[in-house]
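Just so you know, the sequences run in chain order W and H. Per the numbering used here, the first sequence runs over residues 18 to 299. Per the numbering used here, the second sequence runs over residues 1092 to 1624. Worksheet: the structure to be examined is printed underneath.
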Amino acid sequence: MQAGEVHGFLGPNGAGKSTTLRILLGLLRADAGRVRLLGGDPWTDAVALHRRLAYVPGDVALWPGLTGGEVIDLLTRLRGGADPRRRAELVERFALNPRVRTRAYSTGNRQKVALIAALAVPAELLILDEPTSGLDPLMEATFQQVVAERIRDGATVLLSSHILSEVEALAGRVSIVRAGRVIETGTLAELRHLTRTTVAVELRDGTDRLAELPGVHDLLIDGARVRFQVEPDRLDEVFGELARRGMRSVTATPPTLEEVFLRHYRTSGTRETSVSAARVRS
Amino acid sequence: MTAAVTARREVGAGLGSMVRLVGRRDRIGIAAWIALAVSLPLASAAALPALVPTEGEQVAFATELARDPLTTALLGPVYGTSIEALIAMRSGMQSVFAVGIGSLVLVLRHTRAAEQDGHAELLDAAPVGRHVRLAAALLVTAVANLAIAALTVVTLVSLFGHPLAGSAVLALSAAGFGLVTAAVAAVAAQIAQTVTGARTIGFGLLAAAFAVRLVGDVAGVDALSWASPVGWVRLTRAFTGDQWWVLALFPAAAAALTVLAVRLAGGRDLGAGLLPARPGPAEGAPRLSTAVGLFVQLRLPGLIATTVAVGAACVGIGYASSTLDGLLDDSPMITSRLAPLAGSTLGEAFVAICLYLAGLGVACYVVATVLTLRRDETGRQAELLLATPTSRGSWIAGPLLIALIAPVVLLSVAGLAAAAGFTAGSARTDRFGAQMGAAMAQVPVNWIVAGGVVVLVGYLPRIAVAVAWGALAAAVIDLGLWELEVLPRPLYDPFSYTHPAVDYGPGTLVAMSLIGVGLIALGAHRVQRRDLG
């Protein structure tokens, strides 16, 4: 990971995302490999490293007898203290009632408590484990705004998720994890480059023999309308041919992260040659 | 017609499944509760004939007890001088607590707790009748209470040869009180929005019923004793003119309360209560800024409440014990059994035994306190805490500090209170130091308990909870077998070294303290170095 970036850490349930985060936090010790976080060893330098980061767990468990406000104060004070105005602002933006005992909070509200406590402090690194899984779309938008502000202030974000839209909206670079190993790392553009673009086009001069064009897949013909996928390095040729046949309308959809993701999981095992070990650097 | 039949069927839809669910979730707890509740009258039936074997002694004992206002306050009136009458008197109020607390906890677990935890939502969304969850909780509790009664009757009649009618009245009085408490819990579950709130209301009502009975019995105001379901338990007069008709009051009261609970439940939303949860502070107190401060904030109210309860109980025990002085001192059985407490009067011996038992009670508190580490770990609160600049050391410091300090606080209060009560009752001040000392002598064994549990949390985290409680239970059983002379000596039992029947010196206490501190250091060392979770 590079400083100042938002790095998406993508994988389905059980891929080892949370375990990796717990190793990074010094809660578990890695069985093998070298782990470095902010230039330190997460196990031996845990306390010193934790002064520089804030963490939001995927499954937020709070102390049932305390109120949300008390938990926010506890966590921010442990992290070195938060500006009271910043705290009040976040409580307001996330629309949290801080006087409620945490046992009465819904999943989303517990998540808000942990998010406010993490975003209220000026941490260098934010480690967020599926931070919006319990939030409604409005709160998710608020979350994205606040994280964007923190990034503008220079924070680095490690965002673990299986929710692709969450990562797509924020992350510059993405690592895809599978069975505890990072199988692909790159910017969204780089990853998309490996994947086919979906093209829907209405042609003037016939649709015959399109399927024989190199790089065209999953062709569907409905009268003059055609829908297919095309490999990225055949785009020029294919669009040249489409232009010769005359296009009445065209939409080309870049591959979503979901498609990138699914492709990795469908072609099981074949791409693990490009494995870089589960080692995250900052 | 058809619609009415269907509607009636729908009211009870899913009752069978729900009853099986309650039984399946709590089968071990219910079995343990039944065993405990049955054992209380049996313990009296077994112990009292040994204490007062002859009829003359029984009459003297009963007459003495009848004169003592504290006995009347705690146990109710003495109706007869037969051994059965004494058993009924001794076990009646004990059963009130065993049956009452069990019924209350069981019903709340499947009503308000289920709503608070959210699984009520899952169940109520299934095709089940509106009040089926409540009905299942009440039904299982009622069946458990009747099982307690049946087992009590069978054992009292077959093992001890007591009359069937009296045994049935005694057992059904307890079961009847259980039914009433279950219905009280059902009402409390509708009123409060949280389990804690419902529990407070339920226990508060139980305490109030006990207090009304107490005032009625002590002051001789019959109307008050009759106004309290706790009073009915003794007013059935088991073995002393069995008043069968009084038993009918229990189901009548339970039915009325159940109707009230159903009415209240029908008028509210799932998850809501009649009393809204009070909002808490919007900001954390200054002490909520370290891991230790957090632990103090979470545990201090409980520790204060426990200390007050222990203090109040020990004043009463000390005072009651002083009234035993001079009573039965000449019974040869007593002097032989209490021989190790040489030179003590019966009252002094009783205080020593009670303070020893207080030490065992404190051990439960210590085990629960240290095991909060494990709860933090499995509940994932530890993860949140340790991802902040909080070291493992400061995380475990809170529970360990309380586990070291709480025995000192609780036992010095217990000793002080017992000695004060004893002094007030006997006007003898010379026993003050000895009684304080007897209480404080139970501190080192509690440090060993704390150390043992930390070692378990460090080295065997996955089975720490079961092993910790199991070991404590085994230690108590071991002591019991030794006291009953089944075992010639205790088996490696830390509690045996400071038993009131054992002669121990300061060396023993120092050695035990060092062992306790050593175990704590060993466990803490490991907790800091192992994976979390």
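All residues carry an ideal CB built from backbone N, CA and C; glycine is no exception. Quantities reported herein were computed from a predicted structural model and do not represent experimental measurements.
Residue environment, residue i, which counts as buried when at least 16 other CB atoms sit within 10 Å
i, result
"E5/W", "Examination of residue 5/W is not possible in this model, given that chain W is present from 18 through 299 alone."
"L1249/H", "Checking the sequence, you will find Ser at residue 1249/H rather than Leu. Exposed is the call here."
"G263/W", "exposed"
"V1275/H", "buried"
"H1590/H", "buried"
"R1181/H", "buried"
"M1424/H", "At M1424/H, the pLDDT of 44 sits below 50, so the modelled position is not reliable; the number obtained from the coordinates is stated separately. The residue in question, M1424/H, is exposed, as its Cβ has fewer than 16 Cβ neighbours within 10 Å."
"N1537/H", "buried"
"Q1619/H", "exposed"
"N30/W", "exposed"
"L237/W", "exposed"
"Q19/W", "exposed"
"T223/W", "It should be pointed out that residue 223/W corresponds to Gly in this sequence rather than to Thr. Counting Cβ neighbours within 10 Å, G223/W comes out exposed, since fewer than 16 surround it."
"R39/W", "buried"
"L1127/H", "exposed"
"A1300/H", "buried"
Residue interval of the alpha helix (DSSP H) (run including residue i)
i, result
"R39/W", "34-41"
"T124/W", "124-136"
"S1108/H", "1106-1116"
"S177/W", "Segment 173-178 is the beta strand (DSSP E) holding S177/W; no alpha helix (DSSP H) there."
"H1201/H", "1174-1201"
"E370/W", "Residue 370/W lies beyond the range of chain W shown here (18 to 299); nothing can be said about it."
"V1500/H", "1483-1517"
"E1212/H", "1210-1215"
Cβ-based neighbour list, residue i, same chain, cut-off 6 Å, excluding 5 preceding and 5 following
i, result
"V1143/H", "Q1149, F1152"
"V77/W", "R127, Q128, A131"
"E183/W", "T149"
"S178/W", "E147, V184"
"A134/W", "I89, L92, T93"
Cβ-Cβ distance between residue i and residue j below 8 Å
i, j, result
"A1530/H", "G1409/H", "no"
"A1211/H", "R1200/H", "no"
"L176/W", "V23/W", "yes"
"P1132/H", "L1270/H", "no"
"A1277/H", "T1349/H", "yes"
"V1504/H", "T1414/H", "no"
"M1102/H", "A1228/H", "Position check: residue 1102/H holds Val in this sequence, whereas Met was assumed. It is not a contact, given that the beta carbons lie outside the stated cut-off."
"D1159/H", "G1257/H", "no"
"I1282/H", "A1265/H", "no"
"A1489/H", "V1383/H", "Looking at the sequence provided, one finds Gly at residue 1489/H rather than Ala. Cβ atoms of G1489/H and V1383/H: closer than 8 Å."
"E1635/H", "D90/W", "Nothing can be reported for residue 1635/H: it is not among the residues displayed for chain H, which extend from 1092 to 1624."
"L145/W", "L55/W", "no"
"I1539/H", "M1603/H", "yes"
"D1467/H", "A1459/H", "no"
"V1198/H", "A1273/H", "yes"
"W1124/H", "A1233/H", "no"
"P1342/H", "G1267/H", "yes"
"V1219/H", "G1357/H", "no"
"V1567/H", "L1462/H", "no"
Same chain, Cβ closer than 7 Å to residue i, five either side skipped, listed in chain order
i, result
"I1611/H", "L1491, A1541, G1542, V1545"
"R1626/H", "Residue 1626/H lies beyond the range of chain H shown here (1092 to 1624); nothing can be said about it."
"V233/W", "L227, F245, V247, V255"
"T268/W", "A217"
"E258/W", "L230"
"F1624/H", "A small correction: the amino acid at residue 1624/H is Gly; Phe does not occupy that position in the sequence shown. If we look at G1624/H and ignore the five residues flanking it on each side, its Cβ neighbours are E1468."
Extent of the continuous beta strand (DSSP E) run through residue i
i, result
"T61/W", "Looking at the DSSP string, T61/W is not in any beta strand (DSSP E), and its letter there is neither H nor E."
"Y72/W", "70-73"
"T214/W", "214-220"
"S1264/H", "First-last for S1264/H: 1255-1282, but that is the alpha helix (DSSP H), not the beta strand (DSSP E)."
"H24/W", "23-27"
"I144/W", "142-146"
"V1618/H", "Note, V1618/H: premise wrong, no beta strand (DSSP E); alpha helix (DSSP H) at 1597-1618."
"I168/W", "From DSSP, I168/W is part of no beta strand (DSSP E) but of the alpha helix (DSSP H) over 154-169."
Sequence-distant residues of its chain with Cβ nearer than 8 Å to residue i (five each side left out)
i, result
"T202/W", "R190, V191, S192, I193, S293"
"T212/W", "P249, P272, E276, V277, R280"
- Hey, which unbroken runs of the beta strand (DSSP E) at 3 residues or more fall wholly within the segment 228-273 of chain W? 233-239, 242-247, 264-270
- Item | Segments of 3+ residues assigned as beta strand (DSSP E) that fall wholly inside the segment 1324-1410 of chain H | none
- Message: Restricting to runs no shorter than 3 residues, where is the beta strand (DSSP E) found entirely within the segment 89-119 of chain W?
- Response: none
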